[in-house]
Structure formats: structure tokens, C-alpha cells
Amino acid sequence: MNHKTSVAALQLNGEALHSSTAKLWPIKIKNCCKRFVTVGVKQTGIVYCMYSQDKCWYLVQCKPRESFRAELHLKNQHYECFHPTYSVKRKFKSSVRSVIQPLFPHYLFVLLNQQDNWSAIRSTRGVNSVVTFNGIPASLDQKVITALKFRCMQMQSIGSEPLFKAGDRVLITEGCFRQIEAIVTAVTGEERVSLLFNLFNREQHVELPVTVLDKAS
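According to our numbering, the sequence shown is numbered sequentially starting from 2.
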């Protein structure tokens, strides 16, 4: 896949990590490129460098919902990968579980240089293509990767956010209060919350498991 002037915006908590309209500046990078010495660098940290003697991080686009498969098969071929992820809580029929999700759906990063087997990457299960600009593979500045790794570590230390928090409006989906809207007043446990709602013009306080709640529209 050839991204002529832009790459799908990588999103970090809703904010664009890279702008597709960032200005391109020609610069010199020592010990980075053997044959293609003058490269373009966006303010965002994307580096245009076809012939890298040192290893650089390159952006790989994966097939829909197959980034984890792509990561597994790339690592099985001894490629070093960085697949930013975060943990989110998901409600199932009778429980709440933490699920690992990709921070950038459909994308991961692979550490490569010109001696590596690039064709094997493109034919790896789950991989769609190496992202390019005008036919040139796009590598990312190490500072960008370091910042992303630090951010992922921060999110892991914080853990998953609860499904509901105080002040959320919810809809009770099961039991004798089914189809009644309520307000979460407190999170009393990992899978239980306290609720406040009106019934027959009287305020009612109950504590229910989060598995019987949905966010109110």
C-alpha cells in the first residue's frame, strides 16, 4: 500500500500523533543512511529513509483485526516488533474481564535495516504492507517510539478504567428494575456499583453488579 502524501492518522487518546500536513524539512542524519543520506523529516518524527545501515523502526499496516496475529508471526521469524496496546474492561454475560486492545488499530512497528528480509514481512500472515511515502518506507524517530513505550508503561501501571464511574447515567437491563435509568453514585467493588433512581416519585438507592447495566443513550 502506497501512502503518497499521508498515512492514516495514528490516534493516541483521541489526539492525532502524526499530522498528514506537517511540513517536510530536508536534513542530514549521520550514521543513519548509507546511500540515501539527505532525507526528509516531518515535525511529527516520521523519517524518509530508504537505505538505512542502522536499524530503524518502520510502520507496518496490518489486515483488519489481525495486528496480534501479525505480531506473533513476525516474532516467530525473529523480527523485533513494538505493538502498542492498552487494557480495557469489557462486559460479558456473567462477568467483567480486562481485554488487551491495540492502541493504533491495524498498525505496529518493526525494527529493520537494509540487510533484513523485507519481502518476508509483506508475506507474513496478518500483514497488509509496509507503509511508504512515494514508494519510500517510512521510519519513525527513536524518540517517538521511546515516548510511545513510556506511555504504554504508564497505562499499564494505572490499569483498566472501570466500566462505570460516579455520575454516569446507566440503564438497568435485568431484574425487577429492568429498563429503569439510574445514576451511578459510587463504585463499591470491581464489579458492583451503587445507583440512585426515582421510582414512584421517591429516590431509591440500590447496589447492583455491572453485568446488568448498560450506559444510557
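All residues carry an ideal CB built from backbone N, CA and C; glycine is no exception.
Here the structure is a predicted model, which means the values were calculated and not measured.
Checklist entry - Would you report the Cα separation of S99 and N135, rounded to the nearest angstrom? => result For the purposes of this step, residue 99 is identified with residue 98 of the sequence shown, where counting begins at 1. For the purposes of this step, residue 135 is identified with residue 134 of the sequence shown, where counting begins at 1. Rounded to the nearest angstrom, the two C-alpha atoms are 40 Å apart.
Next on the checklist: Only counting the same chain, and skipping five residues up and downstream in sequence, which positions put a Cβ closer than 8 Å to that of F165?
Outcome noted: Against the sequence shown, residue 165 aligns to sequence position 164. Here the set comprises V171, V185, V188, V194, V211, L214, K216.
Next on the checklist: Let's see if you can read the secondary structure: which residues bound the alpha helix (DSSP H) around H74?
Outcome noted: As a first step, residue 74 must be located in the sequence shown, where it is residue number 73. That run of the alpha helix (DSSP H) goes 68-77.
Next on the checklist: Going by the DSSP bridge assignment, what does Q155 pair with across the sheet?
Outcome noted: Walking along the sequence shown from the start, residue 155 turns up at place 154. According to DSSP, Q155 bridges with nothing at all.
Item to check | Status (buried if at least 16 other CB within 10 Å, exposed otherwise) for P65 | outcome: Translated into the one-based positions of the sequence shown, residue 65 becomes position 64. When all chains shown are included, P65 counts as exposed.
Checklist entry - What number of angstroms, rounded off, separates the C-alpha of K90 from the C-alpha of G160? => result Residue 90 sits at position 89 when you count from the first residue of the sequence shown. Residue 160 sits at position 159 when you count from the first residue of the sequence shown. For K90 and G160, the distance between alpha carbons rounds to 10 Å.
Item to check | Local conformation of S218 per DSSP, three classes | outcome: The residue given as residue 218 occupies position 217 in the sequence shown. S218: coil per DSSP, three-state reduction.
Checklist entry - Going straight from the alpha carbon of L73 to that of L197, what length do you get? => result Walking along the sequence shown from the start, residue 73 turns up at place 72. Walking along the sequence shown from the start, residue 197 turns up at place 196. If I take the Cα positions, the gap works out to 46 Å.
Next on the checklist: So the candidates are N114, T125, L109, D142; which of them puts its Cα closest to the Cα of V132?
Outcome noted: Walking along the sequence shown from the start, residue 132 turns up at place 131. Looking from the CA of V132, the closest CA among N114, T125, L109, D142 belongs to L109.
Checklist entry - Within 10 angstroms of its Cβ, does C177 collect 16 or more other Cβ (buried), or is it exposed? => result Indexing the sequence shown from 1 puts residue 177 at position 176. Under the 10 Å beta carbon count, C177 is surrounded by fewer than 16 other beta carbons and is classified as exposed.
Next on the checklist: Can you tell me whether A187 is helix, strand or coil according to DSSP?
Outcome noted: Position 186 of the sequence shown holds residue 187. Of the three classes helix, strand and coil, the one that applies to A187 here is strand, per DSSP.
Next on the checklist: Checking 7 Å against the spacing of the C-beta atoms, do F147 and L75 come in under that value?
Outcome noted: Mapped onto the sequence shown, residue 147 falls at position 146. Mapped onto the sequence shown, residue 75 falls at position 74. It is worth fixing the name first, because residue 147 is Thr in this sequence and not Phe. Result no, Cβ atoms of T147 and L75 do not sit closer than 7 Å.
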